[in-house]
Amino acid sequence: GQQVAIARTEPEMPDQTPVHESEALFLAQIAGAERHLYIESQYFASRRIAEAVARRLDAADGPEIVIINPQTAQGWLEPLAMDTARARLMAALMHRDVHQRLRMYHPYTAGGTAIYCHAKILIADDVVFRLGSSNVNNRSLRLDTECDLAFRASDAATATCIAKIRDGLIAEHLGVDRDRVSDSIAATGSLIETIEALRGEGKTLRPYEVPDLTTVEAWLADNEVLDPEGPDEMFESLEKRGLFRRWHRVRRAR
13 GQQVAIARTE PEMPDQTPVH ESEALFLAQI AGAERHLYIE SQYFASRRIA EAVARRLDAA
73 DGPEIVIINP QTAQGWLEPL AMDTARARLM AALMHRDVHQ RLRMYHPYTA GGTAIYCHAK
133 ILIADDVVFR LGSSNVNNRS LRLDTECDLA FRASDAATAT CIAKIRDGLI AEHLGVDRDR
193 VSDSIAATGS LIETIEALRG EGKTLRPYEV PDLTTVEAWL ADNEVLDPEG PDEMFESLEK
253 RGLFRRWHRV RRAR
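Taking the numbering used here, the leading residue of the sequence shown gets 13, the next gets one more, and so forth.
Okay, structure coming up:
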């Protein structure tokens with residue numbers, strides 16, 4: 013049978029040891045991907061995840077990374093917290109992406125209405141499949157209670173099934189048949205080339221564009237005021253925290 017891994021997140025409490033298995037699994041899956049990494053997530057605002065992505069982008073033989081995100085977060089506060097952090101992280105990653113292997117897209121209906129992506133999926137190399145409740149933001153990976161399931165294909169049939177799920181998701185977003193997606197990936201070896209070739213008018217995926225942030229928005233994002241990594245950081249001085257406080261370490265490791 014197929015073995016399934018369970019990854020949990022539990023916050024630190026006076027009577028509870030923190031559990032960060034979901035974050036650790038994300039980091040391991042990003043580090044282990046060889047050719048393709050496909051992620052659907054409600055947010056992209058975790059510095060630790062972005063650092064892991066940066067390391068793969070630096071590698072000459074790293075994987076393509078495609079992220080599906082909603083055009084904007086919902087509510088009145090979440091766009092300020094999540095969208096600003098995403099903008100800062102994506103701007104930094106796009107600057108690092110010298111091999112042009114990173115893309116973020118937003119799904120849209122045929123009528124041009126943005127579709128709110130609420131999925132939490134990761135598929136790597138046709139062999140790793142992950143589904144659960146964890147979002148790619150600090151609150152989810154550090155402060156909330158989450159549970160994800162993941163498995164690695166142990167045979168060719170399972171790997172084929174995982175590839176069909178990925179191709180089906182991309183096809184659904186693009187409004188085309190799955191076979192067109194599968195055939196294009198087989199011919200080009202590229203998720204990005206496939207999406208760029210098949211996306212068009214109507215139901216489609218639109219590329220993420222880094223917005224201009226106000227000074228206040230940039231300050232809030234950089235200092236993680238609205239999305240701290242843990243309960244202690246909520247009360248930590250701003251000098252000791254921030255979106256890019258470890259970014260220079262990642263650069264030195266290149």
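Think of the CB as a built atom: it goes at the ideal place given N, C-alpha and C, for glycine as much as any other residue.
Bear in mind the structure is a predicted one, so any value in this text is a computation, not a measurement.
query	result
Taking the C-alpha atoms as reference points, what is the distance between V193 and T29?	44 Å
So, is M25 buried or exposed, given that buried needs 16 or more other C-beta atoms within 10 angstroms?	exposed
Could you spell out where the alpha helix (DSSP H) holding T96 opens and where it closes?	96-108
Take A168 as the anchor and find which of D73, V140, E52, M102 has the nearest alpha-carbon.	V140
Between the segment 127-143 and the segment 38-53, do three or more beta carbon pairs fall short of 8 Å?	yes
Under 6 Å Cβ to Cβ from R164, same chain only, skipping five residues before and after it: list those, please.	V139, V140
Taking the straight line between their C-alpha atoms, what separation do you get for G144 and S34?	9 Å
So if DSSP puts E63 in a beta bridge, which residue, or which two residues, is it bridged to?	None; E63 has no bridge partner.
Can you say whether L161 is buried or exposed, counting buried as having 16 or more other CB atoms within 10 angstroms of its CB?	exposed
CA-CA distance, K132 and C173?	18 Å
Return the first residue and the last residue of the beta strand (DSSP E) that R164 is part of.	158-164
In this structure, what does DSSP give as the bridge partners for G144?	D160
Exposed or buried, S166, counting other C-beta atoms within 10 Å across all chains shown (16 or more means buried)?	exposed
Quick one, which of A66, A209, H32, Y117 has its alpha-carbon nearest V110's?	A66
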